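Asker: Residue numbers (our numbering), protein chains in the order written: chain A, 10 to 91; chain B, 10 to 91.
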């Protein structure tokens, strides 16, 4: 994915996941330095409806609004954060 | 949770998530320094069957074998790793 495009797209995500991928709400996962392939797989799991219950109610609409390219760009961006 | 008990329990987890919570397989998430409450919520999501598809097939039996105390100890342990 494209890190710069991911950074732009991450404006929405930052509300919960923090501006540098470290969230200040302990039930929202930190994303900083997470594996790119895992982030793609997790976002696709939300998008495909393979994650229900709990906070997935927040993530499913977010993921559903993302294109495959958005998902790759966001994954590249967050995995690049140190 | 109890960090020492979590460390002992994590022997199985280390196979995929790495001995210090950094996995060497990019589709397995890093757990080092992840939020304790998020780890508890994710493990319970697998245990409750709220995560399907993809690699959840690996995690569901793992989570199912864990007690609530195990889950709390593992979450405390992995969130304590720097």
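Every residue gets a Cβ at the ideal spot worked out from N, C-alpha and C, and that includes glycine. Bear in mind that the values here come from a model prediction, so they are computed numbers and not experimental data.
How would you list, in chain order, the residues of chain B whose beta-carbon sits under 8 Å from the beta-carbon of residue 36 (chain A)?
Answerer: Position 27 of the first chain, counting from 1, holds the residue named residue 36 (chain A). Under the 8 Å cutoff, chain B gives 44, 46, 47, 50.
Asker: Which residues of chain A have a Cβ atom closer than 7 Å to the Cβ of residue 28 (chain B), listed in chain order?
Answerer: Looking up residue 28 (chain B) in the second chain gives position 19. Correct list: empty, because the minimum Cβ distance to chain A is about 16 Å.
Asker: With respect to the alpha helix (DSSP H) encompassing residue 80 (chain A), which residues constitute its N-terminal and C-terminal limits?
Answerer: On the first chain, position 71 is the one that residue 80 (chain A) refers to. Residue 80 (chain A) -> alpha helix (DSSP H) spans 77–89.
Asker: By a C-beta neighbour count over all protein chains shown, 10 Å radius and 16 as the cutoff for buried, is residue 58 (chain A) buried or exposed?
Answerer: Here the question's residue 58 (chain A) lines up with position 49 in the first chain. Around the beta carbon of residue 58 (chain A), fewer than 16 other beta carbons lie within 10 angstroms, which makes this residue exposed.
Asker: Check the Cβ-Cβ distances between residue 71 (chain A) and every residue of chain B, and say whether any is below 8 Å.
Answerer: Residue numbering aside, residue 71 (chain A) sits at position 62 when the first chain is read from its first letter. For residue 71 (chain A), the answer is no, since every Cβ of chain B falls outside 8 Å of its Cβ.
Asker: Starting from residue 32 (chain A), find everything on chain B with Cβ-Cβ shorter than 9 Å and list it in chain order.
Answerer: By 1-based counting over the first chain, the position of residue 32 (chain A) is 23. Within chain B, 44, 47 have C-beta atoms less than 9 Å from the C-beta of residue 32 (chain A), given in sequence order.
Asker: Quick one: is residue 91 (chain B) buried, meaning 16 or more other Cβ sit within 10 Å of its Cβ, or exposed?
Answerer: The residue labelled residue 91 (chain B) in the question sits at position 82 within the second chain. It is exposed - the Cβ of residue 91 (chain B) has fewer than 16 other Cβ atoms within 10 Å.
Asker: When the Cα atoms are used, what is the spatial distance from residue 13 (chain B) to residue 34 (chain A)?
Answerer: Here residue 13 (chain B) refers to the residue found at position 4 of the second chain. Here residue 34 (chain A) refers to the residue found at position 25 of the first chain. Those two C-alpha atoms are separated by around 25 Å.
Asker: So with Cβ pairs under 8 Å, would you call residue 10 (chain A) a contact of chain B?
Answerer: Within the first chain, the letter at position 1 stands for residue 10 (chain A). It does not; no Cβ of chain B falls within 8 Å.
Asker: Inspect the beta-carbon positions of residue 15 (chain B) and residue 85 (chain B) and report whether they are closer than 8 Å.
Answerer: By 1-based counting over the second chain, the position of residue 15 (chain B) is 6. By 1-based counting over the second chain, the position of residue 85 (chain B) is 76. For residue 15 (chain B) and residue 85 (chain B), yes; Cβs fall inside 8 Å.
Asker: Using a C-beta cutoff of 8 Å, does residue 66 (chain A) count as contacting chain B?
Answerer: By 1-based counting over the first chain, the position of residue 66 (chain A) is 57. No, no contact with chain B.
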